[in-house]
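Enquirer:
In the working numbering, the protein residues as written are 1 to 92.
1) What is the DSSP secondary structure of residue 75, counted as helix, strand or coil?
2) Are the Cβ atoms of residue 20 and residue 51 separated by less than 7 Å?
3) Does the separation of the CB atoms of residue 53 and residue 31 fall below 7 Å?
4) Name, in chain order, the residues that DSSP records as bridge partners for residue 91.
5) Can you give the Cα-Cα distance for residue 10 and residue 62, rounded to whole angstroms?
Shown next as structure tokens:
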């Protein structure tokens with residue numbers, strides 16, 4: 001729990017911003033409703049890890065939820081060396 005709370009704080013995002021919305025527990029638990037506190041949302045994430053949006057990347061330059069994946073480039077210690085392709089073939 002402490003590690004998840006720290007990651008959220010380090011990313012500077014809300015707890016709700018880390019929730020995956022397109023998974024079964026989100027619908028089943030009614031998480032679209034604003035009735036849940038941040039602590040309760042974290043409880044749900046710990047009970048159902050599939051609710052945690054990912055990947056979360058931690059480097060000496062910061063912590064980011066890397067969605068889309070090229071967000072990771074902001075926190076890599078070494079600059080990108082040339083173009084590369086994402087999983088879907090898109091060039092970055």
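C-beta atoms are modelled at their ideal positions from N, C-alpha and C, and glycine is treated no differently. Note that the structure is a prediction, hence the values are computed from the model and not measured.
Expert: Inspection of the coordinates gives the following:
1) For the purposes of this step, residue 75 is taken as residue 75 along the chain shown, with counting starting at 1. It is helical.
2) For the purposes of this step, residue 20 is taken as residue 20 along the chain shown, with counting starting at 1. For the purposes of this step, residue 51 is taken as residue 51 along the chain shown, with counting starting at 1. Cβ atoms of residue 20 and residue 51: closer than 7 Å.
3) In the chain shown, residue 53 corresponds to position 53, counting from 1. In the chain shown, residue 31 corresponds to position 31, counting from 1. No, the Cβ-Cβ distance between residue 53 and residue 31 is not below 7 Å.
4) Within the chain shown, residue 91 is the residue found at index 91, counting from 1. DSSP, once it has assigned bridges, lists 85 as partnering residue 91.
5) As a first step, residue 10 is located in the chain shown; it is residue number 10 there, counting from the start. As a first step, residue 62 is located in the chain shown; it is residue number 62 there, counting from the start. Each residue's Cα considered, the two are about 7 Å apart.
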